[in-house]
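Protein chains: 2
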Amino acid sequence: MPRKPQGPCQPVARRDPAATRQRILAAARSLFARQGFDGTGVRQIAHRAGVTRSLVHHHFGSKESLYLAVLERSEAEWAGRLREAVEPAIDSEEFVTEAVRAYHRFLGEHPDFVRMGEGLDLFLAGGADRRRLLAGRPRPEDRNERFLHDAPDRVIGRIAELQRQGRLRDDLDPALVLAAVWCLVEHWHEARDRLGLRLGRDLDGPGIDDRFLETALSILVEGLAPRTENRRPPGGNGGQGGADG
Amino acid sequence: MPRKPQGPCQPVARRDPAATRQRILAAARSLFARQGFDGTGVRQIAHRAGVTRSLVHHHFGSKESLYLAVLERSEAEWAGRLREAVEPAIDSEEFVTEAVRAYHRFLGEHPDFVRMGEGLDLFLAGGADRRRLLAGRPRPEDRNERFLHDAPDRVIGRIAELQRQGRLRDDLDPALVLAAVWCLVEHWHEARDRLGLRLGRDLDGPGIDDRFLETALSILVEGLAPRTENRRPPGGNGGQGGADG
DNA sequence: GCCACAATTGGCCGAACGGCCAACCATTGT
DNA sequence: ACAATGGTTGGCCGTTCGGCCAATTGTGGC
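Line by line, the protein sequences are chains U and B. Quick note, the first sequence lines up with residues 1 to 245 if you use the numbering used here. Quick note, the second sequence lines up with residues 1001 to 1245 if you use the numbering used here.
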């Protein structure tokens, strides 16, 4: 490996601070995602990165700064991939199915993204100081980050647009529709293991992800389809529709 | 408070081991639910319970045993309340709406139950020893615990029954239908704050719980209603139903 | 060659953790 | 009245945590 002990243009030699930084970031991201902030020690991160704890502290200053750095890099990276996956679906004709499928596939391919969400909650639960730390983080004007920020409003607007066009039932709050879809897709990836435990069924079989997706998608498509007959809005105490006895 | 310094029948005096035990359990349950297993110290539990750490260790042996005791007591208590709330709905005519409403209300009234589920995951993530510890815990034959254990199968059976009766569409796997409902109801209570953060909307307003419930319920009822026209099963690549252009 | 600087190292600190132990003391059976 | 039991206490142990510092080493500019 130490082929070029002295190269000013390509410092691939024994000392490579940039690569070391990246290795620390990668190790930290993997461990933070799996074990959360409190459950991961700086020593553990350093060991996986092949460096000493002091070096971690040298590069990032503190454990919290390292966590924020991980969050920032991951967010930027994930935002790009999520944008590539989901953005084309927003303006699609088959908006609901394509968007749900894209988001579902994205979560399946990036489980760390899901776990980072939980880890962030635990991190923020540490107190107001951490919230302030996160709030003081400068928001880059990256296009991918903008997408991550604007996506909910765009999706909600698209739902409302489809409602006005009569292609989705218009008696539901678009924001709450999005919330429902979010719960369906995200909770599956977040708590599938727990779900299988409680159901007493094995939810790890091959294709189970796709089978759940198709089931949820089918319920969504049918549940959001515009009604031909008139129906009470669900604001009050709506009666049961299908299995009404 | 120390009214009876010497009472053999009612030891409400300064020494009341049973009451002390309950106080420790209550403190531990509250703190474990809010901060998880690793995030809660024995000293913190002891402080809240008004005793010393040694006394906690004396009564429960170890922190893990205390956690299991909390889990056991909480599970028994919650199983009873959940059974009272949900069991009547299973055999109800309006099965879907009543069951979802009951479970939704239960989760809203017992947020610790939700958080305990996450905490249990983190606890079990500690290693195989803890999993073995939990597996070796004797399962009491309490009627409430039996309900907690049997409920998923009963609900799945009920869904299948309604499918056979033609009151729910029969092209979906009942277990996956239950999984979808579970995701909808549980994730709302588990991640509502995170959801609001990402949506950039305030999801804490009064009645937001009920409004989401009615929206999700409406989607579910419509999405699970039997179709009059024939429809492709969702196994393949089903096209969008309502908004198909 | 030499020096300044950054990367990297091992070691040390105070604090908090969970667990353990000897002692104190209220209650109880005899 | 006495001893035994067990609830209760403060204190001590080893470990691990995150953070800090001095020293060493590799690297590039002069």
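Just so it is clear, CB atoms sit at the ideal spot from N, CA and C, and this is done for glycine as well.
Query: CA nearest to the CA of Arg1105 of chain B, picked from B:Arg1194, B:Trp1188, B:Val1042, B:Arg1198; Result: B:Trp1188
Query: Buried versus exposed, by CB contacts within 10 Å (16 or more), Ala243 of chain U; Result: For Ala243 of chain U, the predicted structure reports a pLDDT of 38, less than 50, and the residue's modelled location is therefore unreliable. A value from the coordinates is still provided. Classification of Ala243 of chain U: buried, given that the 10 Å Cβ count is 16 or more.
Query: Meets three-Cβ-pair contact criterion under 8 Å: the region 147 to 156 of chain U and the region 1139 to 1154 of chain B; Result: no
Query: Any alpha helix (DSSP H) of 4 or more consecutive residues that is wholly inside the region 79 to 115 of chain U; Result: 95 to 109
Query: Cross-chain neighbours of Leu1078 of chain B in chain U, by beta carbon under 8 Å; Result: Looking at the sequence itself, residue 1078 of chain B is Trp, so the reference to Leu does not match. Here the premise fails: no neighbours, minimum Cβ distance about 13 Å.
Query: Chain U contacts from the region 1115 to 1139 of chain B (Cβ-Cβ distance under 9 Å); Result: Gly1117, Glu1118, Leu1120, Asp1121, Leu1122, Ala1125, Gly1126
Query: Opening and closing residue of the alpha helix (DSSP H) in which Val56 of chain U lies; Result: 53 to 60
Query: 8 Å Cβ cut-off: residues of chain B touching Asp153 of chain U; Result: Gly1200
Query: Minimum Cβ-Cβ distance from Ala1216 of chain B to chain U less than 8 Å; Result: yes
Query: Interface flag, Phe212 of chain U vs chain B, CB-CB below 8 Å; Result: yes
Query: Helix, strand or coil at Phe1037 of chain B according to DSSP, with G and I counted as helix; Result: coil
Query: Burial state of Asp173 of chain U, where buried means 16 or more other Cβ atoms lie within 10 Å; Result: buried
Query: Min CB distance Glu1161 of chain B to chain U below 8 Å; Result: no
Query: Closest residue to Gly39 of chain U among U:Leu217, U:Phe147, U:Gly166, U:Glu118 (Cα-Cα distance); Result: U:Glu118
Query: Cut-off 7 Å between Cβ atoms - residues of its own chain near Ala1069 of chain B, not counting five sequence neighbours on either side; Result: Leu1025, Phe1060
Query: For Leu1176 of chain B and Arg211 of chain U, believed in contact at Cβ under 8 Å, the rounded distance; Result: 6 Å
Query: Inter-residue Cα distance where the pair is Val42 of chain U and Gly127 of chain U; Result: 20 Å
Query: Three-state class that DSSP yields for Ala976 of chain B in the structure shown; Result: Residue 976 of chain B lies beyond the range of chain B shown here (1001 to 1245); nothing can be said about it.
Query: Backbone secondary structure at Gly1117 of chain B - three-state DSSP; Result: helix
Query: Nearest-angstrom Cα separation, counted from Arg1198 of chain B out to Arg1021 of chain B; Result: 42 Å
Query: Gly36 of chain U versus Leu120 of chain U - alpha carbon distance; Result: 8 Å
Query: Tyr103 of chain U vs Val221 of chain U beta-carbon contact at 8 Å; Result: no
Query: Buried versus exposed, by CB contacts within 10 Å (16 or more), Thr1215 of chain B; Result: buried
Query: Below-8 Å beta-carbon distance, Ala243 of chain U vs any chain B residue; Result: Note that Ala243 of chain U has pLDDT 38, beneath the 50 cutoff, so the model's placement of it is unreliable and the number below is only indicative. Answer yes: the Cβ-Cβ gap between Ala243 of chain U and chain B drops below 8 Å somewhere.
Query: Status (buried if at least 16 other CB within 10 Å, exposed otherwise) for Gly1223 of chain B; Result: buried
Query: Proximal residues of chain B, C-beta to C-beta of His187 of chain U below 7 Å; Result: Cys1183, Glu1186, His1187
Query: Asn144 of chain U vs Ala79 of chain U beta-carbon contact at 8 Å; Result: yes
Query: Coil, strand or helix - Ala46 of chain U by DSSP; Result: helix
Query: Segments of 4+ residues assigned as alpha helix (DSSP H) that fall wholly inside the region 1184 to 1225 of chain B; Result: 1208 to 1224
Query: Close-in-space but distant-in-sequence residues of the same chain around Ala46 of chain U (CB under 6 Å, 5 per side omitted); Result: Thr52, Arg53, Val56
Query: Boundaries of the alpha helix (DSSP H) in which Leu1148 of chain B is found, first to last residue; Result: 1143 to 1164
Query: Member of U:Glu93, U:Ser65, U:Leu134, U:Asp150 whose CA lies at the smallest distance from the CA of Gln259 of chain U; Result: Here chain U has residues from 1 to 245 only, and residue 259 of chain U is not among them.
Query: Check whether Leu122 of chain U and Arg131 of chain U have beta carbons under 8 Å apart; Result: no
Query: For Glu190 of chain U and Ala1180 of chain B, the rounded distance between their alpha carbons; Result: 13 Å
Query: Chain B within 8 Å of Asp209 of chain U, Cβ atoms only; Result: no
Query: Contact set between Ala1033 of chain B and chain U, taken where Cβ atoms lie within less than 9 Å; Result: Going along chain U, no residue has its Cβ under 9 Å from Ala1033 of chain B, so there is no contact; the nearest lies around 12 Å.
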